[in-house]
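Each remark here refers to the structure printed beneath this line.
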Amino acid sequence: MQTAYLYFPGCKLSPFLSQYDTSTRAVLDAFGIQLDDTELNCCGYPVRHQSLRASVLAAARNLAIADRMGLPVLIPCQCCYGNLKQAAYWLAQNAELCDFVNGELAAEGLRWHAGIAVRHLLSVLAEDIGIERVQARVSRPLHALPVAVHYGCHALRPGHVVQLDNPLAPTIFENLMSALGAAPVEWPLRLECCGHPVRDNNPPLAAKLMNQKCEDARAAGARILVTACTYCQMQFAGISETPGHPEQAGDLPAILVSQLLGWAMGLPDDRLGDEVQSLGALL
Amino acid sequence: MQPFILATIALGICLAGTLWRIGRWFWSDIGPESLSLPTKRRMRAARQTLWRVFSGRRLFKVVGAFQWEVLLLGHLLRRHPLRWAAHMLIGYGLLTLILFHALDDWITPLVFSDYEPTLNPFRWLRNLLGALVLMGVLATVVRHFRQAGEAFRTPGDRLLLVLIVVVVLSGVLLESARILSPAVFDAMVEDYMGDDDPEAVAALQAYWAAEFGAWRARSGTGFSGEQIKTGASIHETFCAACHDRPQSAFLSYPLSRLMKPLMAVAGDHRLNQWLWNVHFWATCLALACLPFSKLFHFIATPISIMVRAAGPAAAHPALQPVRRALALDACTHCGMCSQHCSVAPIYKVLGNPNILPAEKLKGIKRFQTHRKQSLPKATLVEGSFICTLCGRCTQWCPSGIDLQDLWQASRKDMIQSGAAPLRRRSAPPLQTALVPPAPASLGLSDRPETFWACVQCTTCTSVCPVVAVSEDPQRDLGLTPQQIMNLMRLQLKEQAMDSRMLWDCVTCYKCQEHCPQDVKVADVLYELRNEAWHRGARSDQRAANQPPHGSSF
């Protein structure tokens, strides 16, 4: 089993969602997985709207560092994950782009080539560690808590590029939740967007997309929404990047996969974050 | 002009400039909330904060930071030994020279009761300190060239470095001239020996020429051993109490040997006076420039470091604008933030320096100065919004600046001033494009075969979540994804780019995943946005024309 990864927290974790960082570390630590904290840069996702080239160079630099260290990359954020996978895809498709990127990276003695492993936290938990091992560590089962798993978009689609699971009928997240004793509900909008990508550009649209999802999950009987992405969680939990300008939160409590898992494993609350405080009341 | 008056004027300018720059912290408005915080309230907040820090346990932290970060520059020692050495050499070299040499009439006798500038170790120390300062300047220049100029980039900063070198070198040379000068010798004889017996003076001169390197100006012939012996005893009587051998001035003495021809040509009175003038004027000029140059960071940066050390004790909301204005002065443009910036690779492609925090801070400084007259530069706005707010610059900043807060506040200012980037509703038309199509475009949208397979089945539109939440897609979005694909199939790109759908796309890739014909719908939409951005990228009005959308800020 892979026991060491290059950890790619992504830019937003430290300033806005540190509980995703601490809870991920706590959970992986419990499975004896070591995370390397070498300094990396932006995944490139935020500038994908402006420049594919800039976005690919940023992603490729991270991949090249992982290659130099001989470690697979572990990413808790789906947008970061998606962009690193997309960059590798475009680099393999386009020789001119690849030459440009490697020309830039050469200044630092780095080089991108195909085949550098990138893993999302969900894959590490469900596949690298394995559902059975996760299940074996559960000491505080979730007693059929009805959860709505929110897959997010960028780790799921385009399926042949990002390769997390079947893009039209994924099961990885539900399987993981079942292993914790939760009861994932079936809800029609589970594969839809959370709204965050248009949060700045069109806030009413972003809110509409989010509210619709929350309503749908509620109607399906879910009491909590589980996310596995930095941006999705910030969207549902209404976490603002600008002090003094609060964002609207969804009408259903949202929790991160690592928090729920950590809680079920009986890990100390202080490493998991405030969101786990309310779990006891939900059960 | 009297030297004393000149020095007083220089000092006055220095003090007034310092006060003015500190005052500016209290009336600069950075961040929208600062507009409702008048100077008085900020002053009160500063007083309250000082009181809170000095009366609380946080004081230990502040004192600790002062010792380790300010006095010893511990943060630099750990990360950049060369930078640290340059700072210590220049800083402490100049400080000691100012206190014990420039102000030697006032300060030095208080510490050393038997101080005379011509006694050792003072004579040796002066040269030593001068040499250390020069080494520090050399280290700075070397670093400047090796690192392609992070610091000391402006002409004003270079002028200041030159001034320091001029002050030190002229001081060393002035000392050389005085060692050599017959005129100085004569004046001393007149003042302290008070004996005009020519033989005794000649004997003393012989001794000084042999032992102290004074120039035998009036006697072309050599001196006898007898004369030197007599001179030695006269020296013991009249001079020795205040004069050690000048050879200890290890820079000035050897230089004085080289100076003879110059003195012969220029005349020693004129040379002495000229060197003295250069030394004095350069010192006064440097002093007057200090608050208006990068050297002001000697004052602003320590304050910033101590404010950070004060932590929650300094977290007064009314103090926030003051801290931001202080930050603009405390930044030494050392470039540490840019080295660790998460979006630095993006700068390499887009080429906008304002993406890098150290440059962005300078841009914000300019924007703040001209805020009432003009909008922020489009490049500054772009750089500000490409920043992901990861906070790493704040963690690395050796000057203790809360850069994260500065970026957040200045973004709000930019939005309020009417410049909101990325909040696009439409693409600039092709006619205004000043540049060729975006490089690194994968060329999907320009290749007809990308759309050949499209059968207009409307699957992309029916799975689109943005279309789904709209009651009237025609009104809200202009075009649906399938309509965009149709226009692209007909090579009507401009019409396709004119739709709001392009900007409301959430990039969920459902359209592409579900397309039965494998048309890369989402990738095409991305590419069209890239092109729209690229068309507008060089046009300075592009952001200005966009009214700020009701936004999350």
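Chains F and U, in that order, give the protein sequences.
Start counting at 1 in the first sequence, then tack on 5, and there's your number in my numbering.
Start counting at 1 in the second sequence, then tack on 124, and there's your number in my numbering.
Cβ atoms here follow ideal geometry from the backbone N, Cα and C, with glycine treated the same way.
Is there at least one Cβ from chain F nearer than 7 Å to residue 636/U's Cβ?
-> Taking the first residue of the second sequence as 1, we reach residue 636/U at position 512. Answer yes: the Cβ-Cβ gap between residue 636/U and chain F drops below 7 Å somewhere.
Measuring CB to CB, does residue 142/F end up less than 7 Å from residue 270/F?
-> By 1-based counting over the first sequence, the position of residue 142/F is 137. By 1-based counting over the first sequence, the position of residue 270/F is 265. Contact: yes.
Of the residues that make up the region 487–512 of chain U, which ones have a beta carbon closer than 8 Å to any beta carbon in chain F?
-> 510, 512
Consider the Cβ of residue 213/F: report whether some Cβ of chain U lies at a distance smaller than 7 Å.
-> Here the question's residue 213/F lines up with position 208 in the first sequence. Judged by the 7 Å Cβ criterion, residue 213/F is in contact with chain U.
Work out the CA separation of residue 489/U and residue 452/U for me, nearest whole Å.
-> For the purposes of this step, residue 452/U is taken as the residue at position 328 of the second sequence. For the purposes of this step, residue 489/U is taken as the residue at position 365 of the second sequence. Cα-Cα distance, rounded: 6 Å.
Answer with buried or exposed for residue 178/U, where buried requires no fewer than 16 other C-beta atoms within 10 angstroms of its C-beta.
-> The residue labelled residue 178/U in the question sits at position 54 within the second sequence. Under this definition residue 178/U is an exposed residue.
In terms of alpha-carbon separation, which member of 501/U, 472/U, 474/U, 475/U lies closest to residue 486/U?
-> Within the second sequence, the letter at position 362 stands for residue 486/U. Answer by Cα proximity: 501/U.
Could you work out which residues of chain U lie near residue 55/F, taking near to mean beta carbons separated by less than 9 Å?
-> If you number the first sequence from 1, residue 55/F lands on position 50. Result: 470, 474, 506, 510, 546, 653, 654, 657, 658, 661.
Would the beta-carbon of residue 354/U fall within 7 Å of that of residue 327/U?
-> Within the second sequence, the letter at position 230 stands for residue 354/U. Within the second sequence, the letter at position 203 stands for residue 327/U. Yes. Within cutoff.
Between residue 366/U and residue 399/U, what straight-line distance do the alpha-carbon atoms span, to the nearest angstrom?
-> The count along the second sequence starts at 1 and reaches residue 366/U at position 242. The count along the second sequence starts at 1 and reaches residue 399/U at position 275. Rounded to whole angstroms, residue 366/U to residue 399/U spans 23 Å at the Cα level.
Residues of its chain near residue 435/U, where Cβ-Cβ distance is below 8 Å and the 5 sequence neighbours each way are ignored | Here residue 435/U corresponds to residue number 311 of the second sequence, with the count starting at 1. Spatial neighbours of residue 435/U in its own chain (CB-CB distance under 8 Å, excluding positions within 5 residues in sequence) are listed in chain order as 182, 185.
Between the beta-carbon of residue 251/U and the beta-carbon of residue 376/U, is there less than 7 Å?
-> Taking the first residue of the second sequence as position 1, residue 251/U is located at position 127. Taking the first residue of the second sequence as position 1, residue 376/U is located at position 252. Result yes, Cβ atoms of residue 251/U and residue 376/U sit closer than 7 Å.
So is residue 248/U in contact with chain B if we call contact Cβ pairs under 7 Å?
-> In the structure shown, chain B cannot be found, because the protein chains are F and U.
Can you say whether residue 171/F is buried or exposed, counting buried as having 16 or more other CB atoms within 10 angstroms of its CB?
-> For the purposes of this step, residue 171/F is taken as the residue at position 166 of the first sequence. With fewer than 16 other Cβ atoms within 10 Å, it is exposed.
State the beta-bridge partners of residue 39/F as determined by DSSP.
-> Looking up residue 39/F in the first sequence gives position 34. Answer is 9/F, bridged to residue 39/F.
Does the beta carbon of residue 43/F sit closer than 7 Å to a beta carbon anywhere in chain U?
-> Your numbering for residue 43/F matches position 38 in the first sequence. It does not: the Cβ of residue 43/F has no partner Cβ on chain U nearer than 7 Å.
Taking the alpha carbon of residue 431/U as the point to measure from, which residue in 646/U, 449/U, 222/U, 295/U has its own alpha carbon closest?
-> In the second sequence, the residue the question calls residue 431/U occupies position 307. Nearest option by C-alpha distance: 449/U.
Near-chain F residues of the region 587–620 of chain U - C-beta to any C-beta below 8 Å | 589, 590, 593
Return no unless some Cβ of chain F is closer than 7 Å to the Cβ of residue 645/U.
-> Sequence index remark: in the second sequence, residue 645/U carries index 521 (1-based). Interface residue (Cβ-Cβ distance to chain F less than 7 Å): residue 645/U is not classified as such.
Using a beta-carbon distance cut-off of less than 8 Å, what residues from the region 76–96 of chain F approach chain U?
-> Correct list: 95.
Quick check: the region 253–271 of chain F against the region 225–243 of chain F, are there 3 or more CB pairs under 8 Å?
-> At 8 Å Cβ cutoff, the stretches touch.
One or two residues paired with residue 151/F in a DSSP bridge | Counted from its first residue, the first sequence places residue 151/F at position 146. Beta-bridge pairing links residue 151/F to 188/F.
What residues in the region 156–169 of chain F bring their beta carbon closer than 7 Å to a beta carbon of chain U?
-> From the region 156–169 of chain F, only 158, 162, 163, 164 have a Cβ closer than 7 Å to chain U.
Cutoff 7 Å: residue 175/F Cβ touching any chain U Cβ | Here residue 175/F corresponds to residue number 170 of the first sequence, with the count starting at 1. Judged by the 7 Å Cβ criterion, residue 175/F is not in contact with chain U.
In the DSSP assignment, find the beta strand (DSSP E) that holds residue 229/F and state where it starts and stops.
-> Numbered from its first residue, the first sequence carries residue 229/F at position 224. Segment 229–232, the beta strand (DSSP E) holding residue 229/F.
Only counting runs of 4 or more residues, tell me where the alpha helix (DSSP H) segments fall wholly within the region 275–306 of chain U, in order along the chain.
-> 279–304
Residue 250/F, buried or exposed, once every other Cβ within 10 Å from all chains shown has been counted against 16 | For the purposes of this step, residue 250/F is taken as residue 245 along the first sequence, with counting starting at 1. Taking every protein chain shown into account, the CB of residue 250/F has fewer than 16 other CB atoms within 10 angstroms, so this residue is exposed.
Can you tell me which of 336/U, 532/U, 213/U, 288/U puts its alpha carbon nearest to the alpha carbon of residue 306/U?
-> By one-based count along the second sequence, residue 306/U stands at place 182. Comparing Cα-Cα distances from residue 306/U to each of 336/U, 532/U, 213/U, 288/U, the minimum goes to 336/U.
In angstroms, rounded to a whole number, what distance separates the CA positions of residue 657/U and residue 54/F?
-> Taking the second sequence and counting its residues from 1, one reaches residue 657/U at position 533. Taking the first sequence and counting its residues from 1, one reaches residue 54/F at position 49. C-alpha separation (whole angstroms): 8 Å.
Uninterrupted beta strand (DSSP E) stretches inside the region 308–389 of chain U (no shorter than 3 residues) | none
Name, please, each residue of chain F whose Cβ falls closer than 7 Å to the Cβ of residue 528/U.
-> The residue given as residue 528/U occupies position 404 in the second sequence. Below the 7 Å Cβ cutoff, chain F contributes 20 as neighbours of residue 528/U, in chain order.
Could you tell me whether any Cβ in chain F is nearer than 7 Å to the Cβ of residue 631/U?
-> The residue you call residue 631/U lines up with position 507 of the second sequence. Closer than 7 Å: yes.
Three-state secondary structure (DSSP) of residue 134/U | Translated into positions along the second sequence, residue 134/U becomes position 10. In this structure, DSSP gives residue 134/U a helical state, which the three-state scheme calls helix.
Note down the Cα distance separating residue 284/F from residue 580/U, rounded to an integer number of angstroms.
-> Here the question's residue 284/F lines up with position 279 in the first sequence. Here the question's residue 580/U lines up with position 456 in the second sequence. One C-alpha to the other measures close to 48 Å.
Note down the Cα distance separating residue 231/U from residue 246/U, rounded to an integer number of angstroms.
-> Your numbering for residue 231/U matches position 107 in the second sequence. Your numbering for residue 246/U matches position 122 in the second sequence. Roughly 14 Å separates the two Cα atoms.
Residue 591/U versus residue 210/F: straight-line alpha-carbon distance, rounded | As a first step, residue 591/U is located in the second sequence; it is residue number 467 there, counting from the start. As a first step, residue 210/F is located in the first sequence; it is residue number 205 there, counting from the start. Taking the straight line from one Cα to the other gives about 10 Å.
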